[in-house]
Amino acid sequence: MPESSERDSVRPGRPAALSPRVTKRIGTIAISVILVVVALAATFIFSAPALDRADEQWVTCEAYSAHAVVAGRAAEWAVEIPSSCGTIWLSNGVDSGNARAIARDFSPHSRYRFQFGWLSRVYLQLRVSSPNAQAWRPAP
Numbered sequence: 579m580p581e582s583s584e585r586d587s588v589r590p591g592r593p594a595a596l597s598p599r600v601t602k603r604i605g606t607i608a609i610s611v612i613l614v615v616v617a618l619a620a621t622f623i624f625s626a627p628a629l630d631r632a633d634e635q636w637v638t639c640e641a642y643s644a645h646a647v648v649a650g651r652a653a654e655w656a657v658e659i660p661s662s663c664g665t666i667w668l669s670n671g672v673d674s675g676n677a678r679a680i681a682r683d684f685s686p687h688s689r690y691r692f693q694f695g696w697l698s699r700v701y702l703q704l705r706v707s708s709p710n711a712q713a714w715r716p717a718p
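Quick note on the numbering used here: the sequence shown kicks off at 579 and runs consecutively.
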């Protein structure tokens, strides 16, 4: 009878067990990938405010309406503007005393120019989140 090799001893339909060395290596690679992804996400999250102040440009949108709202976990006042560019948020200089007055300044179905930073313009293009305008003015 011929000698049976290790390969012959594996039952059909069942994968061969990985050696402890290979298993450890796969675990190390998986943990490394997870750490890199977490580091990149943290870098993006903490740099988002700086990215939104970079390369500010004016964009023209038609505002459908405007509403004063309390937004975020810190209960900050903002103005929510549904528009042809998606929902836009105004929060710079908005507080409980002026939020309603700012919202009333918007005429329904009128064109306005909004100043967006780089990250907010990316949000506008991808429609993944509502951008925050730094400033606004009526469009000419």
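Yeah, the Cβ is synthetic: ideal placement off N, Cα and C, and Gly gets one too. Small disclaimer: the values here were computed from a predicted structure and weren't measured.
Inter-residue Cα distance where the pair is residue 696 and residue 640: The sequence position of residue 696 within the sequence shown is 118, counting from 1. The sequence position of residue 640 within the sequence shown is 62, counting from 1. Taking the straight line from one Cα to the other gives about 20 Å.
Classification of residue 670 by the beta-carbon crowding that lies within 10 angstroms, buried from 16 upward: As a first step, residue 670 must be located in the sequence shown, where it is residue number 92. Counting Cβ neighbours within 10 Å, residue 670 comes out exposed, since fewer than 16 surround it.
Distance, residue 649 Cα to residue 708 Cα: On the sequence shown, position 130 is the one that residue 708 refers to. On the sequence shown, position 71 is the one that residue 649 refers to. Straight-line Cα distance between these residues: approximately 12 Å.
Residue 659 and residue 684 closer than 8 Å at C-beta: Walking along the sequence shown from the start, residue 659 turns up at place 81. Walking along the sequence shown from the start, residue 684 turns up at place 106. Yes.
Cβ-Cβ distance between residue 705 and residue 664 below 8 Å: Walking along the sequence shown from the start, residue 705 turns up at place 127. Walking along the sequence shown from the start, residue 664 turns up at place 86. Yes, the Cβ-Cβ distance between residue 705 and residue 664 is below 8 Å.
Buried versus exposed call for residue 668 [16 or more other C-beta atoms within 10 Å across all chains shown]: What you label residue 668 is simply residue 90 of the sequence shown in a count that begins at 1. Flag for residue 668 reads buried.
Beta strand (DSSP E) segment containing residue 715, residue limits: Start at 1 with the first residue of the sequence shown, and residue 715 comes out as number 137. Its beta strand (DSSP E) spans residues 713 to 716.
Limits of the unbroken alpha helix (DSSP H) element including residue 690: Your numbering for residue 690 matches position 112 in the sequence shown. Looking at the DSSP string, residue 690 is not in any alpha helix (DSSP H); the run it does join, the beta strand (DSSP E), is 688 to 694.
As assigned by DSSP and simplified to three states, the class of residue 661: For this step, residue 661 is matched to residue 83 along the sequence shown. The answer is strand: DSSP assigns residue 661 an E or B state.
Bounding residues of the beta strand (DSSP E) (the contiguous stretch that carries residue 649): Position 71 of the sequence shown, counted from the first residue, corresponds to residue 649. In the DSSP assignment, residue 649 falls within the beta strand (DSSP E) that extends over 645 to 649.
8 Å Cβ shell around residue 680 - same chain, five flanking residues per side excluded: If you number the sequence shown from 1, residue 680 lands on position 102. Cβ within range, chain order: 644, 646, 657, 668, 672.
Buried or exposed (CB count within 10 angstroms, at least 16 for buried), residue 661: Along the sequence shown, one-based indexing puts residue 661 at 83. It is buried - the Cβ of residue 661 has at least 16 other Cβ atoms within 10 Å.
CB contact flag (residue 693, residue 711, <8 Å): In the sequence shown, the residue the question calls residue 693 occupies position 115. In the sequence shown, the residue the question calls residue 711 occupies position 133. It is a contact, given that the beta carbons lie within the stated cut-off.
Per-residue DSSP class, three states only, for residue 637: By one-based count along the sequence shown, residue 637 stands at place 59. Reduced to three states, the DSSP call for residue 637 is strand.
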